[in-house]
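Only one structure is covered here, and it is reproduced in the block below.
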Amino acid sequence: GQNIDQPTEMTATEGAIVQINCTYQTSGFNGLFWYQQHAGEAPTFLSYNVLDGLEEKGRFSSFLSRSKGYSYLLLKELQMKDSASYLCAVRDLNQAGTALIFGKGTTLSVSS
Amino acid sequence: DTGVSQNPRHKITKRGQNVTFRCDPISEHNRLYWYRQTLGQGPEFLTYFQNEAQLEKSRLLSDRFSAERPKGSFSTLEIQRTEQGDSAMYLCASSSSAIGTNSYEQYFGPGTRLTVT
Chain P
1346 GQNIDQPTEM TATEGAIVQI NCTYQTSGFN GLFWYQQHAG EAPTFLSYNV
1396 LDGLEEKGRF SSFLSRSKGY SYLLLKELQM KDSASYLCAV RDLNQAGTAL
1446 IFGKGTTLSV SS
Chain G
677 DTGVSQNPRH KITKRGQNVT FRCDPISEHN RLYWYRQTLG QGPEFLTYFQ
727 NEAQLEKSRL LSDRFSAERP KGSFSTLEIQ RTEQGDSAMY LCASSSSAIG
777 TNSYEQYFGP GTRLTVT
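Going line by line, the protein sequences match chains P and G.
Taking our numbering, the leading residue of the first sequence gets 1346, the next gets one more, and so forth.
Taking our numbering, the leading residue of the second sequence gets 677, the next gets one more, and so forth.
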């Protein structure tokens, strides 16, 4: 997604906290999504934000600021199984209706 | 229901051949999406159906690509005269627009990996 920017790679250690940032540009914003994708597998849904603020779900939290075009995904108490690609995506009703526009993904490597 | 299924899981074809992929969405889902993903990239939107109607189609989608959802259930994606640049993972996703559901959540299938030689 040319209008979505996120870091290419991040590394962290088990038990730590990591924050993955995402900035975006849309003309018809209708929600921001985070998906997790393990190598060779399909993306799985993590979180959805449509209003400003923080959404918490277990070890994962996602934040949205619509005025800044900014979101982050916060992963706490990292585990080895969290090593995956994290995809930021937006729904832009002016670009693709209810389909998702994805960023390139952030590959997170968790080491012991 | 076990989720979104796609067939075949892998397809190797020679340049110039036609290929067709099938997607079976979650049974109660009326929305169906096709995406393409290449290595190191996020999924790229191709096209979207609500029931049997194709409502959105990416401007980047070549006219060699066509998709159908004739009865509003399964969908097929056909690529004619394949090129090496078509090599990618083709992902299907579905969601429901029904009130009371998490209509924003798209469930992805395992994908069909296409290799064009």
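All residues carry an ideal CB built from backbone N, CA and C; glycine is no exception.
The alpha helix (DSSP H) enclosing residue i, as first and last residue numbers
i               : result
residue 1387(P) : No alpha helix (DSSP H) contains residue 1387(P), which DSSP labels as neither H nor E.
residue 1440(P) : 1438-1441
Anticipated Cβ contact below 8 Å, residue i with residue j, distance rounded
i               : j               : result
residue 1366(P) : residue 1351(P) : 7 Å
residue 793(G)  : residue 690(G)  : 6 Å
residue 1398(P) : residue 1391(P) : Actually they do not touch by this definition, with Cβ atoms about 16 Å apart.
Nearest candidate by alpha-carbon position, reference residue i, set the options
i              : options                           : result
residue 741(G) : 718(G), 733(G) and 747(G)         : 733(G)
residue 737(G) : 722(G), 714(G) and 699(G)         : 722(G)
residue 773(G) : 727(G), 789(G), 762(G) and 791(G) : 727(G)
Own chain residues within Cβ distance below 7 Å of residue i, not counting five before or after
i               : result
residue 1421(P) : 1362 and 1404
residue 692(G)  : 757 and 758
residue 702(G)  : 677, 679, 680, 770 and 783
N- and C-terminal bounds of the beta strand (DSSP E) containing residue i
i               : result
residue 1377(P) : 1374-1382
residue 1427(P) : Segment: none, residue 1427(P) is in no beta strand (DSSP E) and carries neither H nor E.
residue 1415(P) : 1415-1420
residue 729(G)  : 729-733
Residue i versus residue j - alpha carbon distance
i               : j               : result
residue 1395(P) : residue 730(G)  : 25 Å
residue 785(G)  : residue 1411(P) : 30 Å
residue 704(G)  : residue 735(G)  : 29 Å
residue 1346(P) : residue 720(G)  : Any answer about residue 1346(P) is weak, because its pLDDT of 46 lies below 50 and its placement is not dependable; what the coordinates show is given next. Those two C-alpha atoms are separated by around 7 Å.
residue 1401(P) : residue 1407(P) : 7 Å
residue 1371(P) : residue 751(G)  : 29 Å
residue 1443(P) : residue 763(G)  : 26 Å
residue 1447(P) : residue 1428(P) : 19 Å
residue 1382(P) : residue 1439(P) : 26 Å
Contacting residues, own chain, Cβ-Cβ under 6 Å from residue i (five flanking each side not counted)
i               : result
residue 1356(P) : 1454
residue 782(G)  : 769 and 771
residue 1450(P) : 1430 and 1432
residue 724(G)  : 709, 731 and 732
is_contact[residue i, chain B] using C-beta, thresh 9 Å
i              : result
residue 719(G) : No chain B is present in this structure, whose protein chains are P and G.
Own chain residues within Cβ distance below 8 Å of residue i, not counting five before or after
i               : result
residue 695(G)  : 687, 689, 754, 755, 758 and 790
residue 1359(P) : 1423, 1424, 1425, 1455, 1456 and 1457
residue 765(G)  : 712, 713, 714, 787, 788, 789 and 790
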